[in-house]
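K.L.:
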Amino acid sequence: MNILSESNKQTSGVYVPMSAVAQAVEFDDDMMHVSLADGRVVSVPILWFPRLSKATRAERENCDISPAGIGIHWPDIDEDLSVAGLLAGADSTSA
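Each residue of the sequence shown is one higher than the last, beginning at 107 in the numbering used here.
1. Count the other CB atoms, across all protein chains shown, that sit within 10 Å of the CB of M137; report buried if there are 16 or more and exposed otherwise.
2. Which term fits A164, buried or exposed, when burial requires 16 or more other beta carbons within 10 angstroms of its beta carbon?
3. May I ask whether a heavy atom of the ligand HEM can be found less than 7 Å away from the beta carbon of A194?
4. For F133, write down the residues that DSSP places opposite it in a beta bridge.
5. Give me the residue from G177, D182, I183 with the minimum Cα distance to L192.
Encoded structure:
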């Protein structure tokens with residue numbers, strides 16, 4: 107099944123994303139990079155999320171992307187983030 111086919115539209119041959127679906131999460135020393143199914147990569151500072159900032163590399167790398175690809179969960183540190191929140195620039199202090 108192609109995840110993109112149900113959540114995107116073609117308009118005059120132009121690809122228009124209709125939803126953001128996470129496929130992978132990677133970290134460097136300062137940033138978290140979330141690769142999306144439509145080819146975008148969302149990069150945010152780890153400092154935005156105190157639990158991730160204080161976590162070990164192993165704890166950061168142990169994450170689960172939800173089956174629908176709309177959320178990311180880190181079981182070792184009890185952290186949950188939504189892809190929509192990342193795209194909106196939401197940090198841990200956002201309501």
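Note that CB positions come from ideal geometry on N, CA and C, so glycine has one too.
P.N.:
Looking at the coordinates:
1. Translated into the one-based positions of the sequence shown, residue 137 becomes position 31. Flag for M137 reads exposed.
2. By 1-based counting over the sequence shown, the position of residue 164 is 58. So A164 counts as exposed.
3. You won't find the ligand HEM in this model; it holds no ligand whatsoever.
4. By 1-based counting over the sequence shown, the position of residue 133 is 27. Paired residues: M138.
5. As a working mapping, residue 192 is identified with position 86 in the sequence shown. The shortest C-alpha separation from L192 is found at G177.
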